[in-house]
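Quick note, the sequences are listed as chains A and B, same order. Take the first sequence: its position 12, counted from the start at 1, is 12 in this note's numbering, and no numbers get skipped. Take the second sequence: its position 303, counted from the start at 1, is 1303 in this note's numbering, and no numbers get skipped. Only one structure is covered here, and it is reproduced in the block below.
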Amino acid sequence: MEESQSSRKPKTLRAAGVKRGEAVRFFFDGRPIDAYRGESVATALRAAGILVLRRSPRIDAPRGSFCWMGLCQECTVVADGVRRPACRLEVAEGMVIASGTVP
Amino acid sequence: MSEADLIVVGGGPAGVEAAIEAARHGLAVTLMDEAPEAGGQVYRATPRAFSGELVRKADPIGVGLRDRLRESRAITLFDHIVWSVSPGFRVDALSPEGPVSRKAPAVIAASGAQERVVPFPGWTRPEVVGLAAATIMLKSQGILPGQLTLLAGQGPLLLAVAIGILKAGGRVAAIIDLASRSEWLADWPALASRPDLALRGFLWQAKLRNAGVPILYRHAIRLVEEVAEGQVQVTVGPVAANGAALDDIDRIFQVDAVAVGNGLTASTDITRLLRATHHFEALRGGWVPTLDAEYRSSVPGLYVAGDGAGLAGAAAAACDGRLAGLVAARDLGALSQQAYETAAAPLRRSAARARRFGTAMARLMALRPAQVEAIPPETVLCRCEDVTRADITAAAAEGARTLNQLKAWTRCGMGPCQGRICGDVIGAALAAEGCSREQAGYFTGRTPFRPLPLDQLAGTVAYADLKLPPPAPL
């Protein structure tokens, strides 16, 4: 399942020539996501082709990471039970992330 | 008793230079920032877990800034999210270990700028990110916004991001620039004041031409729609010099990412919270704190340096930061007037030079009169609360005259971003209903500056620890 997801993308979004940290695996809505230490949750999810992180409160529209500097709060997810902006949260082994903003 | 003479809030070029300078002259300085390392957004460090070699070459100014800060006697508190500054001054922050509070008789606010995006239908789609966001992805995370990215908006970031994407091995569908080619050239005298940067601009343009990236001047995005999962169709059309949409042939692009930015606005959380005097200056990033010639706000002891005092760019921010640090050192008695003058004079000249270039860039980034008027009524302006342009129009028709009234009427600016993303555009949208930006005012500053988990702020409290007031007499 994850294989078919990644093979759908012809190329990785990760730039070549950047030496990343060690490989880690975390979970987004139960799905395992491979990432590298130093990456934010927003980066790792985008690289995995996952853009929708929550729905907006009134019109229920899909939303994802937008400002990447912790201002807009659009990328808020629930990380190990705590609401956090995904762009300001570094990935860690075994971390459990849920989409949406309700812990 | 204060633990510090001076607290600097913000670890970008202005804050770091201010802290180094004030500490050099003997002040006990504490610098606080929410990032793990100094640099701000413009010189943002790559994560420590990434190998540093690539970065050292790519960002020598940021590396130098961080090295000099480490050598200085200033105390640094990184990973500290400042959420309040109260009079006197007390600065409250949330650190990974819990709540932290520091006191000092003087504060330098160096909170920088935030990106403005002029909304269009579809700008809330997850495929659309800020131009500044794209910079962070490329420079700090080493990731492309998409396989094929369309860049749109106004200002120098357009070219910088396009080059960054090509370098990282990505593709750029087109650059959609609100400015005309002649507007870029009109600023030639100012650009010539920084020949290094001007030359870089020319090399960038040549590189984009070679890569076959089309640049559509005097154009803007009309609409972004989803066509398949992760794929959007972007409709682009010509605009007039004032930003109004022209009725002419539209062009269509299909991409998996759009990065859009319409310049920056000053970040004024601290000065607004402390009720310092502000005024509106469109060319310097909207509502900015009113300062004297020595970086003092109307609140005694509160200084402001960098883009948060009005946009002038990173080079000017560094000079202004050093000067503000010197002023604070003199005001607090660590530096004689004569020593201050000797140290400040050459810095003032560099600051003036740097400001000329920064101001020319700020002009390209300024909001144009009809840009906001061109936004269709059904477009969401406030992303947090899904408030549309039509909602703003309706509230204005019912009598809302200021941004604070608009907030009560529609909830715009009431969500988790506290109006940081939409505030300037909402102000322009209200002004378009028939008032001035001065009359419309700005959202009143409130704490917390960032949404924070209350349980982490409160720490662990036992019921027995609570001081209960004596019961009221019957």
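All C-beta atoms in this analysis are idealised placements derived from N, C-alpha and C, irrespective of residue type, glycine included. Note that the structure is predicted; figures quoted are calculated from it, not measured.
Using a threshold of 7 Å, state whether the C-beta atoms of residue 1074(B) and residue 1009(B) are closer than that.
No.
State the CB to CB distance for the pair residue 1016(B) and residue 1069(B), rounded to an integer number of angstroms; the pair is presumed to be in contact (CB under 8 Å).
5 Å between Cβ atoms; contact.
Closer than 8 Å is the cut-off here; do at least three beta carbon pairs connect the segment 1423-1442 of chain B with the segment 1077-1086 of chain B?
Touching, no.
Going straight from the alpha carbon of residue 1387(B) to that of residue 1410(B), what length do you get?
CA-CA distance, residue 1387(B) to residue 1410(B), rounds to 7 Å.
How many angstroms separate the CA atom of residue 1415(B) from the CA atom of residue 1090(B)?
So the two alpha carbons sit approximately 26 Å from each other.
Is it true that the CB of residue 53(A) sits closer than 7 Å to the CB of residue 82(A)?
Not in contact: residue 82(A) and residue 53(A) (Cβ atoms no closer than 7 Å).
Closer than 8 Å at the beta carbon, the chain B residues around residue 92(A):
Result: empty, since nearest Cβ-Cβ is about 11 Å, beyond 8 Å.
Measuring only from the beta carbon, is residue 1283(B) closer than 6 Å to any heavy atom that is part of the ligand NAP?
As presented, the structure is devoid of all ligands, the ligand NAP included, so that no description of it is given.
Could you tell me which uninterrupted alpha helix (DSSP H) segments, each at least 4 residues in length, are contained entirely in the segment 1436-1469 of chain B, listed from first to last along the chain?
With a minimum length of 4 residues, the continuous alpha helix (DSSP H) runs that stay inside the segment 1436-1469 of chain B are 1437-1440 and 1454-1458.
Per DSSP, residue 1287(B) forms a beta bridge with which residues?
Residue 1287(B) is bridged to 1280(B).
Nearest residue (CA-CA) to residue 1007(B), options 1302(B), 1310(B), 1448(B) and 1134(B):
Among 1302(B), 1310(B), 1448(B) and 1134(B), the Cα nearest to that of residue 1007(B) is on 1302(B).
Out of 1199(B), 1168(B), 1011(B) and 1152(B), point me to the one whose CA is closest to residue 1262(B)'s CA.
In terms of CA proximity to residue 1262(B), 1152(B) leads the group 1199(B), 1168(B), 1011(B) and 1152(B).
By the three-class DSSP mapping on this structure, what secondary structure does residue 36(A) have?
Residue 36(A) carries a strand assignment under DSSP once its states are collapsed to helix, strand and coil.
Just to confirm, is the Cβ distance from residue 1305(B) to residue 1320(B) under 7 Å?
Yes, Cβ-Cβ distance for residue 1305(B) and residue 1320(B) is below 7 Å.
Would you tell me roughly how many angstroms separate the C-alpha atoms of residue 2(A) and residue 49(A), rounded to the nearest one?
Bear in mind that a pLDDT of 37 at residue 2(A), under 50, signals an unreliable position, so the number given afterwards is only what the model happens to contain. Taking the Cα positions, residue 2(A) is about 11 Å away from residue 49(A).
Chain A within 7 Å of residue 1050(B), Cβ atoms only
Yes, contact with chain A.
Residue 83(A): contacting residues in chain D (beta-carbon distance under 7 Å):
The structure shown contains no chain D; its protein chains are A and B.
With DSSP as the reference, label residue 1242(B) as helix, strand or coil.
DSSP places residue 1242(B) in the coil class of the three-state scheme, outside both helix and strand.
Under 8 Å: do the segment 20-35 of chain A and the segment 1168-1187 of chain B share three or more Cβ pairs, one atom per stretch?
With a cut-off of 8 Å on Cβ pairs, the segment 20-35 of chain A is not in contact with the segment 1168-1187 of chain B, counting fewer than three such pairs.
Which residues in the same chain have their Cβ closer than 7 Å to the Cβ of residue 1314(B), if we skip the five residues on either side of it in sequence?
In the same chain as residue 1314(B), and ignoring 5 residues on each side of it, the C-beta atoms closer than 7 Å to its own belong to 1013 and 1042, in chain order.
Cα-Cα separation, residue 9(A) to residue 1256(B):
In this prediction, residue 9(A) has a pLDDT of 45, which is less than 50 and means its spatial position is unreliable; what the coordinates show is noted afterwards. Using only the alpha carbons, I get a separation of about 11 Å.
Can you tell me the Cα-Cα spacing of residue 1118(B) and residue 97(A), whole angstroms?
Taking the straight line joining both Cα atoms gives about 31 Å.
Answer yes or no: do residue 1021(B) and residue 1322(B) have a C-beta to C-beta separation smaller than 7 Å?
Yes.
What are the residues in the segment 32-63 of chain A lying within 7 Å of chain B by C-beta distance?
Here the close residues are 37, 38, 39, 40, 43, 46, 47, 49, 51, 52, 56, 57, 58, 59, 61, 62 and 63.
Measuring alpha carbon to alpha carbon, tell me which of 1254(B), 1268(B) and 1462(B) ends up nearest residue 1146(B).
Cα-wise, what sits closest to residue 1146(B) is 1254(B).
Residues that residue 1272(B) contacts on chain A, provided the C-beta gap is smaller than 9 Å:
Within 9 Å Cβ-Cβ: nothing; residue 1272(B) doesn't reach chain A, min ~15 Å.
So residue 20(A) contacts chain B; which residues on that side make the cut at Cβ distance below 9 Å?
When 9 Å is used as the limit between beta carbons, residue 20(A) is near these residues of chain B: 1047, 1049, 1050, 1051 and 1142, in chain order.
Given this structure, state the Cα-to-Cα distance separating residue 1287(B) from residue 31(A), to the nearest angstrom.
Between residue 1287(B) and residue 31(A), the C-alpha separation is close to 45 Å.
Taking only beta-carbon atoms, is residue 1416(B) less than 7 Å away from chain A?
With 7 Å as the cut-off, residue 1416(B) counts as an interface residue toward chain A.
What three-state label does DSSP hand residue 1031(B) in the structure shown?
It is a strand residue.
Identify the contact partners of residue 1259(B) in chain A, using a Cβ-Cβ distance below 7 Å as the criterion.
Neighbours of residue 1259(B) on chain A: none; closest Cβ ~10 Å, over 7 Å.
Measuring alpha carbon to alpha carbon, tell me which residue in 1029(B), 1123(B) and 1031(B) is nearest residue 1380(B).
Closest by C-alpha distance to residue 1380(B), out of 1029(B), 1123(B) and 1031(B), is 1123(B).
Closest Cα partner of residue 1280(B) within the set 1424(B), 1207(B) and 1452(B):
Considering only alpha carbons, the answer is 1424(B).
Distance between residue 1450(B) and residue 1173(B) (C-alpha atoms, nearest Å)
CA-to-CA, the gap between residue 1173(B) and residue 1450(B) works out to about 35 Å.
Beta strand (DSSP E) segment containing residue 1090(B), residue limits:
Run containing residue 1090(B): 1090-1095, per the beta strand (DSSP E) assignment.
Under the three-state DSSP convention, the category residue 1124(B) falls into
Looking at residue 1124(B) - three-state DSSP - the assignment turns out to be coil, as it is neither helix nor strand.
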